[in-house]
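Per my numbering: the sequence shown = residues 21 to 172. We treat Cβ as the ideally placed atom computed from N, Cα and C, and that holds for glycine. Before any comments, here is the structure.
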Amino acid sequence: MRRKEKEIHDNDELEDILKNGEICRLGLCDNNVPYIVPMNYGYSDGNIYFHSAKIGRKIEIIKKNNYACFEIEVGTEIVKNDKVCNWGMKYKSIIGYGKLEEVHEFCEKIKGLSVLMKQYSGNKTWKFPDSNIEKVLVLKLRIDAMSGKKSG
């Protein structure tokens, strides 16, 4: 990281970003062509869970190459100034890497969906109709590496 003074070293602060973000931008690679998709997500214990339809471009890319990067930010705010070159941005963000895998086991799918719902509602306990569990694809990204940065 070029601006070392902006690097986040505290694991609790990194966890806070993961637990409080609203959108995870998932970066994939399709034959050396980047593809980015914003997704709802849930974070727990070093894993990011996503839900998805079972078909589509994202899924086709993941089947060919399951290595992914991700970006999450919180606390964004534009800092205005009277001088044009003195504008800035407040933020905390994480960029990380990992491998995506499809969750097949029924109980693990419920766990992933519960983690996702907790991300947005704070509620840990949900009842999912079996028919919905069968229809949805749950993806799990095991975080291999990440770094955080903040400004303001």
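Where residue i falls: helix, strand or coil (DSSP)
i, result
"Asn86", "coil"
"Phe126", "helix"
"Lys131", "helix"
"Lys26", "helix"
"Asp50", "strand"
"Lys119", "strand"
"Ile75", "coil"
Residues near residue i by beta carbon distance below 7 Å, same chain, minus five either side
i, result
"Glu2", "No statement about residue 2 is possible, as the shown extent of the chain runs from 21 to 172 and does not include it."
"Gln139", "Tyr61, Gly62 and Tyr63"
Classification of residue i by the beta-carbon crowding that lies within 10 angstroms, buried from 16 upward
i, result
"Gly168", "buried"
"Cys44", "buried"
"Glu93", "buried"
"His71", "buried"
"Tyr69", "buried"
"Met137", "buried"
"Ile28", "buried"
"Met166", "buried"
Contacts around residue i, its chain only, beta-carbon distance under 6 Å, and the 5 residues preceding and following it disregarded
i, result
"Ile163", "Gly66, Gly116 and Gly118"
"Cys89", "Gly47 and Tyr117"
Integer-rounded CB distance, given that residue j should sit under 8 Å from residue i
i, j, result
"Ser171", "Tyr111", "6 Å"
"Asn85", "Cys127", "That pair is no contact at about 28 Å."
"Ile114", "Leu161", "Contact flag wrong, Cβ pair sits at about 12 Å."
Extent of the continuous alpha helix (DSSP H) to which residue i belongs
i, result
"Lys144", "Looking at the DSSP string, Lys144 is not in any alpha helix (DSSP H), and its letter there is neither H nor E."
"Asn31", "Asn31 to Asn40"
Span of the beta strand (DSSP E) around residue i
i, result
"Lys160", "Leu157 to Ser171"
"Gly62", "Gly62 to Ser64"
"Ile43", "Unbroken run through Ile43: none, as it is neither H nor E."
"Asn67", "Asn67 to Ser72"
Sequence-distant residues of its chain with Cβ nearer than 8 Å to residue i (five each side left out)
i, result
"Val57", "Arg45, Leu46, Leu48 and Lys78"
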